[in-house]
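Report on one structure; see the data block that follows.
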Amino acid sequence: MGGGMSANIQKAGYSMVVYDLREEAARPLLEGGARLANTPAEVAAASDITFTSLPGPYEVESVSLGASGVLEGIRPGSVYIDLSSSRPTLIREIEPQFRAKGAFVLDAPVSGGKTGAASGNLAVMVGGDREVFDRVKPVLDAFGDKVFYAGEIGAGSVAKLVHNMIGHSVRQAIAEGLTLGVKAGVEPEALWECIRRGSLGRMRVLHEGLVRTMFRGEFEPASFALNLAFKDISLATELAREYDVPMPMSTLAEQIALTAMNRGWAEMDSSITVRLQEEQSGVEVRAPHVDPARAGRFISTHPDDE
Numbered sequence: 001m002g003g004g005m006s007a008n009i010q011k012a013g014y015s016m017v018v019y020d021l022r023e024e025a026a027r028p029l030l031e032g033g034a035r036l037a038n039t040p041a042e043v044a045a046a047s048d049i050t051f052t053s054l055p056g057p058y059e060v061e062s063v064s065l066g067a068s069g070v071l072e073g074i075r076p077g078s079v080y081i082d083l084s085s086s087r088p089t090l091i092r093e094i095e096p097q098f099r100a101k102g103a104f105v106l107d108a109p110v111s112g113g114k115t116g117a118a119s120g121n122l123a124v125m126v127g128g129d130r131e132v133f134d135r136v137k138p139v140l141d142a143f144g145d146k147v148f149y150a151g152e153i154g155a156g157s158v159a160k161l162v163h164n165m166i167g168h169s170v171r172q173a174i175a176e177g178l179t180l181g182v183k184a185g186v187e188p189e190a191l192w193e194c195i196r197r198g199s200l201g202r203m204r205v206l207h208e209g210l211v212r213t214m215f216r217g218e219f220e221p222a223s224f225a226l227n228l229a230f231k232d233i234s235l236a237t238e239l240a241r242e243y244d245v246p247m248p249m250s251t252l253a254e255q256i257a258l259t260a261m262n263r264g265w266a267e268m269d270s271s272i273t274v275r276l277q278e279e280q281s282g283v284e285v286r287a288p289h290v291d292p293a294r295a296g297r298f299i300s301t302h303p304d305d306e
């Protein structure tokens, strides 16, 4: 992914100094006019903005803070931006060490996969000082078409981890549904078309449903009552037992809905189940200013992978 993003930065006309453990990975950039450095410290010493795109926290810590790392070469006033999917706590530990040298840090993990990195069809979730974000945003725009300021340092990493966690969990639920549907006699393509053309495929729950309910703390009047949702998921898990299809995610969702029913919430909106999660987490998710009509107009074209 780093190769695709770097290529788009270069195409936007920015001069570049690059480093990779595998020099051949940087070859296209060098052929485009970039200069090769021998260490991350050399990159930082020669750059106003230094990016890293790495596999995980171990590599981020090593490259940013280790011997001949970014911190060693960073100049006062310059900016270090980590694009990796990493640990929020780590970037929050890294930032003060750069600040002590008069430099700035942003965490800016991305979503869209290798194809998105190459095409620029990429979401960039940024945490750090807002003024620094505004200053470097034109460079971020060079490789991502959806650049968003998430909040203080670490907020971008938190958002990315939440994004991927939800994506992988939804994928498991979809896998359960597809295997059940096919084993119960529906052709895969027909089943896929039915799902993607329905409310789920339009991601109504994310773009509109939770905006109207969870964000406002309002679950009445019901758009779709919990007792009806419980009936539907119970029929699905009953069908799964009939066809011997394991449904761990769906069974858990059924039990959560039953718990909410036993709280006397049967006539409330089916999204009332989020209140159980809020209670157990000790936090309420409220953003009443978000307009459901505006949220409903957004359709993501990004894959849910890295």
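At position 141 of the sequence shown (counting the first as 1) the number is 141 in our numbering, and the numbers step up by one without a gap. Heads up, the beta-carbon is just placed ideally off N, CA and C, and yes, glycines get one too.
Annotation: the continuous beta strand (DSSP E) that includes ILE49 extends over 49-52. If only complete runs of 4 or more residues are kept, the segment 135-218 shows the alpha helix (DSSP H) at 155-183 and 188-197, in order along the chain. Beta bridge pairing from DSSP links PHE104 with VAL79. Cβ contact annotation for MET261 (same chain, cutoff 8 Å, sequence separation greater than five): LEU226, ASN227 and PHE230, in chain order. Counting C-beta atoms within 10 angstroms of its own C-beta, LEU21 has fewer than 16 neighbours from the protein chains shown and is therefore classed as exposed.
The shortest CA-to-CA distance from TYR19 to any of GLY33, ASN8 and PRO40 is the one to PRO40.
Relative to the Cα of LYS114, the nearest Cα in the group SER6, GLU242, GLU72 and ASP244 belongs to SER6.
Counting every other CB atom within 10 Å of its CB across the protein chains shown gives GLN10 a total of 16 or more, marking it as buried.
THR237 is not a Cβ neighbour of ALA257, given a cutoff of 8 Å.
Under DSSP, GLY127 forms a beta bridge with ASP107 and GLY151. Around the Cβ of VAL147, a 10 Å sphere holds 16 or more other Cβ atoms; the residue is buried. By DSSP's assignment, ALA225 forms a beta bridge with ASP269. Cβ-Cβ distances below 8 Å link GLY151 to GLY127 in the same chain, with the five nearest sequence neighbours on each side left out; the list follows chain order. In this structure, LEU122 places its C-beta atom within 8 Å of the C-beta atom of PHE143. Per DSSP, reduced to three states, the secondary structure at ARG99 is helical.
Between ILE94 and LEU65 a beta carbon distance of about 7 Å is seen, short of the 8 Å cut, so the two are scored as contacting. The residue from GLY69, ASP129, SER53 and THR251 with its alpha-carbon nearest to that of SER111 is SER53.
Around THR213, the same chain offers PHE219, ASP269 and SER271 as residues with beta carbons nearer than 6 Å, after the five sequence neighbours per side are excluded.
Note on TYR80: 16 or more other CB atoms within 10 angstroms of its CB, so buried under the neighbour-count rule. In the three-state scheme derived from DSSP, where H, G and I count as helix and E and B as strand, ARG87 is classed as coil. For ILE174, the closest of ILE195, SER157, ALA155 and SER86 by C-alpha to C-alpha distance is ILE195.
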